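In terms of our numbering, the sequence shown opens at residue 22 and continues consecutively. Okay, so here's the structure we're looking at.
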Amino acid sequence: MTATTVPTDIAIAQAAKLRPIADIARELGLADDEVELYGRYKAKISLGTLERRRASGRLVLVTGINPTPAGEGKSTVTVGVTQALRSSARRRCSASASRRSGRCSA
């Protein structure tokens, strides 16, 4: 049996190629005036924008799970579910909020 080494979290993060948030917003059908950019990779969407749009999606809530011994917890599960759902032709995205920072990222 050959042993495979698993890359560290920081190695995975540093190898990731970030997409500009403006491209993601356009992909989701948001107009330029509905998105407030904070650099190339972060943005806010106003509550007014959300209120004007008809809710047509589904919500998958990932909460209260214990991490596996490998450290796979809510964030890993959320990213995995989003990647699986994006394999269909429909638009999908995920957002997560951190209680520590109070920020939400998509």
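Glycine is no exception: its CB is placed at the ideal position from the N, C-alpha and C atoms. Being a predicted model, the structure only gives us computed values, none of them experimental.
With DSSP run on the structure shown, which of helix, strand or coil describes K95?
-> Reading the sequence shown from its first residue, position 74 is the one you call residue 95. K95 falls in the helix class under three-state DSSP.
Note down the Cα distance separating Q35 from A52, rounded to an integer number of angstroms.
-> Locating residue 35 in the sequence shown gives position 14, where the first residue counts as 1. Locating residue 52 in the sequence shown gives position 31, where the first residue counts as 1. As the crow flies, the alpha-carbon of Q35 is around 30 Å from that of A52.
Name, in chain order, the residues that DSSP records as bridge partners for T57.
-> Locating residue 57 in the sequence shown gives position 36, where the first residue counts as 1. In the sequence as presented, Thr is not what sits at residue 57; that position holds Glu. According to DSSP, which records beta bridges pairwise, E57 is partnered with K65.
Is I45 helix, strand or coil when you go by DSSP?
-> Start at 1 with the first residue of the sequence shown, and residue 45 comes out as number 24. Three-state DSSP puts I45 in a helix.
In three-state DSSP terms, what is I86?
-> One-based indexing of the sequence shown puts residue 86 at position 65. Three-state result, I86: coil.
With DSSP run on the structure shown, which of helix, strand or coil describes T103?
-> Sequence index remark: in the sequence shown, residue 103 carries index 82 (1-based). In the structure shown, the three-state DSSP call for T103 is helix.
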